[in-house]
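What follows is one structure encoded as structure tokens, with my remarks underneath.
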Amino acid sequence: MFKLAMKLMLSRRKWLIVIVCSFALMLAATFSILMASETIKSNLKRAAYQNYGEHTGVILGAEASKEDVRKNADRVGEFALSDRLILKNGKVVSVGWFDEEALGLSHIRLSEGTFPSKANEIAIERSYKNLLDKQDGQVWKIGESKLLEFESGHEQVTLAGVIEDYSANWSVPAGVEKGKDDFPNIITLKPDPPPLSEA
Numbered sequence: 016m017f018k019l020a021m022k023l024m025l026s027r028r029k030w031l032i033v034i035v036c037s038f039a040l041m042l043a044a045t046f047s048i049l050m051a052s053e054t055i056k057s058n059l060k061r062a063a064y065q066n067y068g069e070h071t072g073v074i075l076g077a078e079a080s081k082e083d084v085r086k087n088a089d090r091v092g093e094f095a096l097s098d099r100l101i102l103k104n105g106k107v108v109s110v111g112w113f114d115e116e117a118l119g120l121s122h123i124r125l126s127e128g129t130f131p132s133k134a135n136e137i138a139i140e141r142s143y144k145n146l147l148d149k150q151d152g153q154v155w156k157i158g159e160s161k162l163l164e165f166e167s168g169h170e171q172v173t174l175a176g177v178i179e180d181y182s183a184n185w186s187v188p189a190g191v192e193k194g195k196d197d198f199p200n201i202i203t204l205k206p207d208p209p210p211l212s213e214a
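Residue numbering for the sequence shown follows my numbering, beginning at 16 and increasing consecutively.
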């Protein structure tokens with residue numbers, strides 16, 4: 016039966032060529048559509064990561080250590096708030112730090128400068144830097160120091176970098192208080208852990 020079908024197809028060469036070309040076109044079209052949809056999907060995912068970060072959740076007020084949380088997750092980053100700055104117009108600016116893993120997951124981008132590498136260096140979100148510039152009547156440039164009045168007291172800080180506004184894109188649950196349990200707008204260097212005391 017198969018031999019007969021092949022003989023029939025070979026005797027009708029034009030039909031054989033049409034059928035083979037049709038199958039080739041269908042396979043090529045299917046493959047192209049699959050490749051295009053995967054490319055679109057990966058580009059949308061990358062754009063979402065750039066805007067909203069790669070993290071799938073944020074645990075606020077966690078008592079568990081980073082190592083305990085890591086047991087149930089692929090990647091775990093840590094951030095914390097350390098202080099607040101209240102501008103003259105009443106806006107609250109949160110001050111805190113991110114560890115390397117949290118910075119990687121968050122996809123926070125620098126628009127200029129670097130992330131803090133020394134004590135008293137900061138990186139600030141662009142919109143909050145603009146508010147500070149407007150409040151002080153002068154532009155704060157990378158590498159310049161300025162005396163800021165944090166809630167914990169006055170501190171001379173050096174501007175290491177300006178980061179793209181990210182915190183406005185990230186959603187937070189209802190009841191989050193600015194400067195208490197939100198995301199840092201001013202990023203400082205992560206403090207060293209206190210030395211273990213010998214007993």
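Beta carbons are placed, not taken as given, at the ideal position from N, Cα and C, and that holds for glycine.
#1: In terms of alpha-carbon separation, which member of Met41, Ser132, Ile139 and Gly111 lies closest to phenylalanine 198?
#2: Taking only runs of the alpha helix (DSSP H) that begin and end inside the segment 127–154, which ones reach a length of at least 4 residues, in chain order?
#3: Counting Cβ pairs closer than 8 Å, one from the segment 129–142 and one from the segment 172–183, do we hit at least three?
#4: Report the CB separation of serine 109 from arginine 124 in whole angstroms; it is logged as a contact under 8 Å.
#5: Three-state secondary structure (DSSP) at serine 109?
#6: Judging by CA-CA distance, which residue of Ile139, Glu116, Ser182 and Leu118 is the nearest neighbour of glutamate 127?
#7: So, helix, strand or coil for leucine 42, using DSSP?
#8: Out of Tyr64, Glu192 and Gly152, which has the shortest C-alpha to C-alpha gap to serine 121?
#9: Under the three-state reduction of DSSP, which class applies to alanine 183: helix, strand or coil?
#10: Quick check: valine 107 and lysine 193, are their CB atoms within less than 8 Å of each other?
#11: Over what stretch of residues does the beta strand (DSSP E) that includes glycine 168 continue unbroken?
#12: By Cβ distance, which residues of its chain are closer than 8 Å to alanine 214, with the 5 residues on each side in sequence left out?
#13: Within 10 angstroms of its Cβ, does asparagine 135 collect 16 or more other Cβ (buried), or is it exposed?
#14: I need the boundaries of the beta strand (DSSP E) containing glutamate 164, first residue and last residue.
#15: Indicate the three-state DSSP secondary structure (helix, strand or coil) for arginine 28 in the structure shown.
#16: Measuring only the C-alpha atoms, how far is lysine 35 from methionine 21?
#17: Quick one: Cα of histidine 169 to Cα of serine 57, how far?
#18: Please name the residue, chosen from Leu96, Leu102 and Phe94, that lies closest to glutamate 164 on a Cα-to-Cα basis.
Reading from the atomic positions:
#1: Taking the first residue of the sequence shown as position 1, residue 198 is located at position 183. Looking at the Cα atoms, Gly111 is the closest of the given residues.
#2: 141–151
#3: Contact check between the segment 129–142 and the segment 172–183: three or more CB pairs, one atom from each, fall below 8 Å, which counts as touching.
#4: Counting from 1 along the sequence shown, the entry for residue 109 is found at position 94. Counting from 1 along the sequence shown, the entry for residue 124 is found at position 109. Not really, about 19 Å apart at Cβ, beyond 8 Å.
#5: As a working mapping, residue 109 is identified with position 94 in the sequence shown. If DSSP states are grouped into helix, strand and coil, serine 109 belongs with the strands.
#6: Taking the sequence shown and counting its residues from 1, one reaches residue 127 at position 112. Checking every option, the nearest Cα to that of glutamate 127 belongs to Ile139.
#7: Sequence index remark: in the sequence shown, residue 42 carries index 27 (1-based). In the structure shown, leucine 42 sits in a helix (DSSP, three-state: H, G or I).
#8: As a first step, residue 121 must be located in the sequence shown, where it is residue number 106. Checking every option, the nearest Cα to that of serine 121 belongs to Tyr64.
#9: Locating residue 183 in the sequence shown gives position 168, counting from the first residue. Judged by DSSP in its simplified three-state form, alanine 183 adopts coil rather than helix or strand.
#10: The sequence position of residue 107 within the sequence shown is 92, counting from 1. The sequence position of residue 193 within the sequence shown is 178, counting from 1. Taking 8 Å as the Cβ cut-off, valine 107 and lysine 193 qualify as a contacting pair.
#11: In the sequence shown, counting from the first residue as 1, residue 168 sits at position 153. It spans 168–178 - the beta strand (DSSP E) in which glycine 168 sits, taken as one unbroken run.
#12: In the sequence shown, the residue the question calls residue 214 occupies position 199. Low per-residue confidence applies at alanine 214: pLDDT is 44, beneath 50, and the placement is therefore not dependable, though the value from the model is reported in the following sentence. Apart from sequence neighbours up to five positions away, no residue of its chain approaches alanine 214 with a beta-carbon distance below 8 Å.
#13: Translated into the one-based positions of the sequence shown, residue 135 becomes position 120. Per the 10 Å Cβ criterion, exposed.
#14: One-based indexing of the sequence shown puts residue 164 at position 149. Note, glutamate 164: beta strand (DSSP E), 160–165.
#15: As a first step, residue 28 must be located in the sequence shown, where it is residue number 13. Note: arginine 28 maps to helix in three-state DSSP.
#16: Numbered from 1 along the sequence shown, position 20 holds the residue referred to as residue 35. Numbered from 1 along the sequence shown, position 6 holds the residue referred to as residue 21. At residue 35 the sequence reads valine, which differs from the lysine that was named. Cα-Cα distance, rounded: 13 Å.
#17: Position 154 of the sequence shown, counted from the start, is the residue given in the question as residue 169. Position 42 of the sequence shown, counted from the start, is the residue given in the question as residue 57. About 46 Å.
#18: Taking the sequence shown and counting its residues from 1, the one referred to as residue 164 is at position 149. If we check each option's Cα against that of glutamate 164, Leu102 comes out closest.
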